[in-house]
Each structure stands twice: as structure tokens, then as C-alpha cells.
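Engineer:
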Amino acid sequence: MTVFLKIAMATLLLLLISFIPFAAHAEVDWEISSAIQLDETPIDIARAQGGELTYLLTDQAKVLIYSAAGKLVGTIPVDPSVTDIAISAKGEQLYLINSQRKTLKTVDIDFIVDFDIAGSPFLGPADAKIVVAVFSDFQ
Amino acid sequence: MPLFEQVLDKYPESVKIIFKHYPLPFHKQALPAALASMAAGEQGKFWEYHDELFLQQNSLSSDKYLEIAQNMGLDLKKFSLDMMRPSIRKKIEQDISDAKKAGVTGTPTIFVNGRKLKKRGFGAISKLIDNERAGLRQ
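In order, the protein sequence lines correspond to chains V and H. Under my numbering, think of the first position of the first sequence as 1, with each following residue one higher. Under my numbering, think of the first position of the second sequence as 1001, with each following residue one higher.
(1) Three-state secondary structure (DSSP) at Ala1099 (chain H)?
(2) Based on the DSSP secondary-structure assignment, which residues constitute the bridge partners of His1027 (chain H)?
(3) Using a Cβ-Cβ distance under 8 angstroms, would Lys71 (chain V) count as near chain H?
(4) In terms of DSSP beta bridges, what is Gln100 (chain V) paired with?
(5) Please return the same chain residues whose Cβ sits closer than 7 angstroms to the Cβ of Met1083 (chain H), not counting the five positions on each side in sequence.
(6) Three Cβ pairs or more, each shorter than 8 angstroms: is that satisfied between the stretch 1050 to 1059 of chain H and the stretch 1110 to 1128 of chain H?
(7) Could you tell me whether the Cβ of Ile109 (chain V) comes closer than 8 angstroms to any Cβ of chain H?
(8) Check whether the Cβ of Ser136 (chain V) lies closer than 8 angstroms to any Cβ atom in chain H.
(9) Report the rounded CA-to-CA distance for Val107 (chain V) versus Gln1043 (chain H), giving the unit in angstroms.
(10) Are Gln1045 (chain H) and Leu1008 (chain H) closer than 8 angstroms when you measure CB to CB?
(11) For a cutoff of 8 angstroms on Cβ pairs, would you count Asp116 (chain V) as touching chain H?
(12) Quick one: list the residues of chain V neighbouring Lys1078 (chain H), beta-carbon separation under 9 angstroms, in chain order.
(13) Classify Ala1030 (chain H) as buried or exposed, calling it buried when 16 or more other Cβ atoms lie within 10 Å of its own Cβ.
(14) Please report how far the alpha carbon of Pro151 (chain V) lies from the alpha carbon of Trp1047 (chain H), in whole angstroms.
(15) So that I know if they touch, is there some Cβ in chain H lying closer than 8 angstroms to that of Asp126 (chain V)?
(16) Who are Leu57 (chain V)'s beta bridge partners in DSSP?
(17) Go through its chain and collect everything with a Cβ distance to Ser81 (chain V)'s Cβ below 7 angstroms, but skip five positions before and after it.
(18) Pick helix, strand or coil for Ala1134 (chain H), following the three-state DSSP scheme.
(19) Assuming contact is defined by CB atoms lying nearer than 8 angstroms, are Ala26 (chain V) and Ile87 (chain V) in contact in what I supplied?
(20) How would you label Ala35 (chain V), buried or exposed, when you count the other beta carbons within 10 angstroms and need 16 or more for buried?
(21) Select from V:Ile65, V:Gln60 and V:Ala61 the residue whose C-alpha is nearest the C-alpha of Thr54 (chain V).
(22) Quick one: what's Ala133 (chain V) bridged to in DSSP?
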């Protein structure tokens, strides 16, 4: 065996040994933090960054919107041939990707929120049916 | 004409405008100003005080709140006590909680019957109000 071959084998052995500790310490801590039982088969999932909502595309041509607590908070019907979904950073726009038809559709999402308005200062008739709520500060 | 006056002028019977506090954490005077406005509200002067705070928003301070209250003829002793009243602070904290739940990140943020206004201006708010009115008629 030539000196060159010996050096090459020793180098290879060292390389192999150096990789073993990495493999041995590649540990992952995990636990199931929530589980949702679905009546439909999920096809794709999207989640807004920092948002609490999870969007699921199902085989029944729907996008189901779930809260972090696992409550269904909304359903959006979509074209049956939609294959993938994505969501904008703030969760206000849903993107529907259709691989077969080569289309991308953007859906604007409005969430209707309910406020406690008792005791808030207001202008206009107290019994008005339309409430314009203004969140503001003074600085 | 300010936006809300325009709205009330156009829809005098069907719309009311609610003020919800969202003092941004990095605005040091925002919370004391909110407390002061609500204390003025206890004497029926919220909106006048509100307008004055916006006019003087570059010079807000604890002395300024008292000065504005005095110029309006408010009972200063009651005003000062009301500024510290737990129920007033709780109301503002409720507004902040509502804002966070609704995804409010900046001010002003406007909702029409719970729907967030995405564009600013009288045209945009009118459109949302008209949609709501059409829905109510159906």
C-alpha cells in the first residue's frame, strides 16, 4: 500500500468518525399541540405569519378556516380544480392555485368582528343600525 | 370638513360613530391622553376634549391635560379623580383588547359594522356604509 493510499484511507476514516457525533446528536423534541378531526380530506394548508388562523383546502372544493383553538370560523367555496392555497402575510388575501388550468386567483377576505361598544363615546343617533368604530390614539 | 362630520352629514339617521381607544405602546402620552379624554367624557365633554387633544398633540403632558380641562370649565378635582378611576382604565384596556383581537396594528383603524375599512377616505367609507344599508333593507 502506497503512502498516498494510506493517507487517503486515514483521511476518509477521520471524515467518517467526525460525522458520527452529528448523527448521534440529531435529536428533535416534539409533541402534538392540537388535533382537528375533519369530515373532508385535506389537500393543502396555509397559515398567515403570526396569525392564529389555519386555512385548509379540502377535496370538497372548500377552504376551511380554523382558529388556533380548533374552531371552524369560516368556509370559502372554491373551484373543484384548485390544487394549492397560500395566504398573504396578514391573512387578508387567499391565493388559489389551479395547476391544471394554470391560474392563480386572489380572494380578499373580510372578517367581521364584534366589538363591545357599551360605554364608548359616540356621535350620531344612539339607535343607529350602522356602527362606525374608530380605533385611535391622540399622539 | 373632517371625515366623520362628512359621514354624519350624509347619514344623519342611520350611522353612529364610536370612538375606541388604541393608545399605541410607543406613544408615551397616548394612554394618559386617553384617560384624560374619558375623564372629560364623565363631564359630558369627551368630543370637545378629543378635538383639543388633536389640536395640541405635539405638546401633550400631564399639565396640558389639566390646562385643557380648565379652559373647558371642567371640575378639575373630579377630572383628576376620574383620570385615575379603575373603571375608566378598564374600559380603555377593553378597547385595546378588542383592537388586538380585530388585528388592529395602527391608528386610526376604522370598522363599519365590524368590517375593516381597507382604503382611507370618504369614498371608501361611504361605499361600505351603502353596502351595509343595502343589506339592512333586504
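We put the CB at the ideal spot given by N, CA and C, even for glycine.
Structural biologist: Based on what the coordinates show:
(1) helix
(2) None, per the DSSP bridge assignment.
(3) Not an interface residue.
(4) Paired residue(s): none; Gln100 (chain V) is not in a bridge.
(5) Leu1035, Ala1036 and Ala1039
(6) no
(7) Judged by the 8 angstroms Cβ criterion, Ile109 (chain V) is not in contact with chain H.
(8) yes
(9) 47 angstroms
(10) Contrary to the premise, residue 1045 (chain H) reads as Lys rather than Gln in this sequence. Their beta carbons are not under 8 angstroms apart, which means Lys1045 (chain H) does not touch Leu1008 (chain H) by this criterion.
(11) Judged by the 8 angstroms Cβ criterion, Asp116 (chain V) is in contact with chain H.
(12) Those within 9 angstroms of Lys1078 (chain H) in chain V number zero; the least Cβ separation is about 17 angstroms.
(13) That one is buried.
(14) What is shown of chain V runs 1 to 139, which leaves residue 151 (chain V) out entirely.
(15) According to the sequence provided, residue 126 (chain V) is Ala. The question's Asp does not apply to it. So yes, Ala126 (chain V) belongs to the interface.
(16) V:Asp44 and V:Val63
(17) Asn98, Gln100 and Arg101
(18) In the structure shown, Ala1134 (chain H) sits in a helix (DSSP, three-state: H, G or I).
(19) no
(20) exposed
(21) V:Ile65
(22) In DSSP, Ala133 (chain V) forms a bridge with H:Ile1018 and H:Phe1111.
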